[in-house]
Amino acid sequence: MSSIQPPSETIWWKQPLDRVEGTWIGIALVWSLIMFFMMPLWHIYGKQNLSNEAYRTTPEAFMAKTQAMVDQYTIRTETNQNVPVVRPPPGSDVYLIARLWQWWPLLELEKGQTYRLHISSLDWQHGFSLQPVNINAQILPGYEMVLTVTPDTSGDQTIICNEYCGIGHHTMVGKIYITEGGS
Amino acid sequence: MKTQEFRICPESGLQFHKPAERLMRFHAVAAIVCLLIGGITALLVTLTRWPAVHLLPADKFYMLLTTHGINMLIFWIIFFEMAVLHFCSSTLLRCRIATPKLGWVGFGLMVTGAVINNLSVFSGKSSVMMTSYVPMPAEPTFYLGLILFAVGALIGCFMFLGTLVIAKEEKTYEGSIPLVTFGALTACIIAIFTISMGAVILIPTFLWSVGLISNIDAPMYRLIWWAFGHSSQQINVAAHVAVWYAIAAIVFGARPLSEKVSRTAFILYIAFLQLASAHHLLVDPGLSSSWKIFNTSYAMYLAVLASMIHGLTVPGSIEVAQRAKGLTKGLYEWLRKAPWGNPVFSGMFLSLIGFGFIGGISGVVMGTEQINIIIHNTIYVPGHFHATVVIGTTLAFMSLTYFLIPVLFRRQVFLPGLAKWQPYIFGISMMVFTLVMMGAGTLGVERRHWDMAFTDAAIGFDYPASAYALMGLVGISGVGAVLGGAIFVLIVVVSVFLGKRVESESNYGAEPTRLMKAPPIVLPEGGHVAAGKWGFAAPGTFALAMLFLAIFVAYYAVNWKYLASVWPLA
Ligand code: HEM
Ligand SMILES: [Cu+2]
Ligand SMILES: [Cu+2]
Chain A
33 MSSIQPPSET IWWKQPLDRV EGTWIGIALV WSLIMFFMMP LWHIYGKQNL SNEAYRTTPE
93 AFMAKTQAMV DQYTIRTETN QNVPVVRPPP GSDVYLIARL WQWWPLLELE KGQTYRLHIS
153 SLDWQHGFSL QPVNINAQIL PGYEMVLTVT PDTSGDQTII CNEYCGIGHH TMVGKIYITE
213 GGS
Chain B
504 MKTQEFRICP ESGLQFHKPA ERLMRFHAVA AIVCLLIGGI TALLVTLTRW PAVHLLPADK
564 FYMLLTTHGI NMLIFWIIFF EMAVLHFCSS TLLRCRIATP KLGWVGFGLM VTGAVINNLS
624 VFSGKSSVMM TSYVPMPAEP TFYLGLILFA VGALIGCFMF LGTLVIAKEE KTYEGSIPLV
684 TFGALTACII AIFTISMGAV ILIPTFLWSV GLISNIDAPM YRLIWWAFGH SSQQINVAAH
744 VAVWYAIAAI VFGARPLSEK VSRTAFILYI AFLQLASAHH LLVDPGLSSS WKIFNTSYAM
804 YLAVLASMIH GLTVPGSIEV AQRAKGLTKG LYEWLRKAPW GNPVFSGMFL SLIGFGFIGG
864 ISGVVMGTEQ INIIIHNTIY VPGHFHATVV IGTTLAFMSL TYFLIPVLFR RQVFLPGLAK
924 WQPYIFGISM MVFTLVMMGA GTLGVERRHW DMAFTDAAIG FDYPASAYAL MGLVGISGVG
984 AVLGGAIFVL IVVVSVFLGK RVESESNYGA EPTRLMKAPP IVLPEGGHVA AGKWGFAAPG
1044 TFALAMLFLA IFVAYYAVNW KYLASVWPLA
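Listed in order, the protein sequences are those of chains A and B.
Residues in the first sequence are numbered from 33 upward in steps of one, following our numbering.
Residues in the second sequence are numbered from 504 upward in steps of one, following our numbering.
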């Protein structure tokens, strides 16, 4: 019994390192550093990085900007609640509202084009989870997050809420329709 | 010092101070009650997430998921940790406990807080999950209960420090404090930091809920809440690593490979912990990448390094102790001939393996800034932390409990034949549970979600059939784990309240004795290294560490590859 007793050597910090420990610490340290440097390296060489572009906003201001986009670019409405489907031009600023319990409006984007997608919540915290491509981000009230996205897969994507937001959480579903380029 | 207050346990040689002993017993029993509530709700929640069963209605599901998270992660673990703190101070240092009366105030506050919080959640008006993210409101009593509980726990932490001071002044031990007590001290220091953070965020939130503050900024709440929520996981790690060392010492007489390395690794936990809240905020708006990278890696993964060190030195110390006893054949005779039928050991070893291989690897991978994009808030996350707090912390505490039943409660373990199997039933089901959850998360299944089929939603979505199959396996393995947990609670409750007394005598009135230094290191002939291989004292452990590293590297690479396949983002 000795890890539950005082060390046998009074000056225990001078006890030499065991070789198995020294070797492992060296290996583990190198691995830790590799993992650390992978993150900045991915910012330079990788394609999937969040921009960190974000602004303070208010529900009213964000609603107004979204409404302006909806008024300009709506192409049809869907579901019995007549949710607008919006087709903004490539390269433009696209607005998406998260609120209890809806992603509003529905979007139609063109494959291979780049958009600036602004997302904010009008009430509680929500989670933006795009499936099946599997991109996830936290959506907060009072903050407008800007994601620069380039849809490069075919097939429609569904937006699911993956931050618990009350009793309707599991009904909060939206859509990003993807159209093939040139069509 | 009143002599009649001490007794010495003849089997273990440990010396108990009566007031400390009573405090430990009550904290341990309260912990088991919370584990029971958490276990019942675990079953109901699991049966709801099993798509073919889908047991509860949505409101009950969210309510009981809140109950489950809080009773398990906060109440069960912290009640037990208070017992561990008193054990590592008063019992291990053979010292009277500081301010026992205050200890009862602390215990009373913790119980009151836990009851108030549970009542608040069961009223149905506080189904906000343990994170209670603003501005989703809970009843004021929800926060009040947590605050009272935290104040009680803080008192326990200061008593631990007080007891260390008394032990030093009254010279109840020779030399430095034992490694296990050092680990508990680490946990205690982290706990004090953590609980202060909890106060900083929960008190304003309470004031907001009663209308005295008009607004709480959501990202600020998340930052401080996680400074509390994540750091408290560091308490658990420090505490269960201390328990691993304690069990290695109790079962094998193991001593650390070197005190210096093991203690430094504990200090790394303290040094880097404040930064850890960042990896919960990797996909939040408003934080810069450099802030995220620096903080999430706790400035270069040095706390991860600390866990990798303990992961080697704990089994390494067992290997060296076993080899010194002559179990030197091949790489693994020491491990094959370990007491696998003793739940104190088997639980501890499964805890170590599960924590490292599943919890550790998945935690670092999903805590990588960019990889978090494909994992945040999916059911991968509960998969990861059930490997850390359930296989790691909970199973380690269960193992320690098997040791404490005869030593602290003076009772024989009820159904010892079943107790032998319990760690395997619980541990292996949990390993499957965490792996299939992580699999489902990789396919995008969300956490905290009542209906993966979206039947009530205006717009539908179909997960692939494999996601449903994995969630079915979550259900099945979850039921297995609940069975393992139920056996544990049954054995403990029956042993403690109705069990046969241990035959040997251990009466109060013993003359307190001093804690002596460990005997000097007596090397086997030719030194430790001769008993090992390749110039290593613990070659089997080293080979295990290499296997661990290989899996880690491969899994890390696979996740980058998966990330590279999603839409370009900037
Ligand atoms: C007995 C076996 C257990 C089973 C079968 C189980 C099952 C589950 C399930 C199915 C979830 C819900 C996942 C979701 O929908 O998001 C969950 C959440 C959770 N569990 Fe467990 N669990 C068990 C034990 C534990 C233990 C021992 C702890 C802590 C020490 C724990 C801590 C948690 C926490 C913190 C959550 C998250 C709650 C939240 O999202 O707010 N569980 N568990
Ligand atoms: Cu939502
Ligand atoms: Cu939601």
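A virtual CB, placed ideally from N, CA and C, is assigned to each residue, including glycine.
- Chain A has a Cβ within less than 8 Å of the Cβ of N880 of chain B.
- At least one heavy atom of ligand 2 is found less than 7 Å from the C-beta of C193 of chain A.
- Contacts between L1018 of chain B and chain A, judged by CB atoms closer than 8 Å, involve Q37, P38 in chain order.
- For H201 of chain A, the CB falls within less than 7 Å of some heavy atom of ligand 2.
- Chain order gives no chain A residues near I716 of chain B, where near means a beta carbon separation below 9 Å; the closest approach is about 15 Å.
- Taken in chain order, the members of the segment 664 to 678 of chain B whose beta-carbon sits within less than 9 Å of a beta-carbon on chain A are Y676, E677, G678.
- If you look at M177 of chain A, you'll find it in the beta strand (DSSP E) that goes 175 to 181.
- When Cβ pairs closer than 8 Å are counted between the two stretches, the segment 738 to 750 of chain B is seen to touch the segment 674 to 687 of chain B, the count reaching three or more.
- Contact between H150 of chain A and A130 of chain A is absent: CB atoms are separated by about 11 Å, not below the 8 Å threshold.
- Contact with chain B is absent for K143 of chain A, since none of that chain's Cβ atoms lies less than 8 Å from the residue's Cβ.
- A distance below 7 Å between beta-carbons, with the five flanking residues on each side excluded, links S969 of chain B to the following residues of its chain, in chain order: L946.
- For C193 of chain A, the enclosing beta strand (DSSP E) stretches over residues 189 to 193.
- Each residue's CA atom was taken as its position, placing S40 of chain A and R839 of chain B some 29 Å apart.
- Per DSSP, reduced to three states, the secondary structure at N84 of chain A is coil, with no helix or strand assignment.
- Contact annotation: in the segment 732 to 762 of chain B, residues whose CB is within less than 8 Å of a CB in chain A are Y748, A749, A751, A752, I753, G756, A757, R758, P759, L760, S761, E762.
- Under the three-state reduction of DSSP, T211 of chain A is assigned to strand.
- Residue side-chain check: C537 of chain B keeps its Cβ at 7 Å or more from all non-hydrogen atoms of ligand 3.
- For ligand 3, no non-hydrogen atom lies closer than 7 Å to the CB of Y565 of chain B.
- DSSP places P48 of chain A outside both helix and strand once states are collapsed to three, so it counts as coil.
- The Cβ of A1073 of chain B sits closer than 8 Å to at least one Cβ of chain A.
- The closest CA to that of S854 of chain B, considering only B:Y927, B:T634, B:L907, is found on B:Y927.
- When DSSP states are grouped into helix, strand and coil, G206 of chain A belongs to the strand group.
- What E92 of chain A touches in chain B, judged by beta-carbon distance under 9 Å, is nothing: the nearest beta carbon there is about 15 Å away.
- Of the other Cβ atoms in all chains shown, fewer than 16 fall within 10 Å of the Cβ of Q507 of chain B; this residue is therefore exposed.
- The criterion of a C-beta distance shorter than 8 Å is not satisfied by K763 of chain B and W133 of chain A.
- Look at A690 of chain B: its C-beta is not under 8 Å from any C-beta on chain A.
- N620 of chain B: member of the alpha helix (DSSP H) spanning 603 to 625, first to last residue.
- Nearest CB-CB separation between S124 of chain A and chain B: not below the 8 Å threshold.
- Here the alpha carbon of K674 of chain B sits roughly 47 Å from the alpha carbon of T871 of chain B.
- For F578 of chain B, there are no neighbours in chain A by C-beta distance under 8 Å, as the nearest C-beta there is about 20 Å away.
- Within the segment 107 to 132 of chain A, the residues whose Cβ lies closer than 9 Å to any Cβ of chain B are, in chain order, E110, T111, N112, Q113, V115.
- When Cβ pairs closer than 8 Å are counted between the two stretches, the segment 764 to 771 of chain B is seen not to touch the segment 855 to 875 of chain B, the count staying below three.
- For E949 of chain B, there is no enclosing beta strand (DSSP E), as DSSP marks it with neither H nor E.
- Annotation: T544 of chain B has no Cβ neighbours in chain A at a cutoff of 8 Å; minimum Cβ distance is about 16 Å.
- Taking 8 Å as the cut-off, the Cβ atoms of I167 of chain A and S153 of chain A do not count as close.
- Using a Cβ-Cβ cut-off of 8 Å, S186 of chain A is close to nothing in chain B; its nearest Cβ partner there is about 12 Å away.
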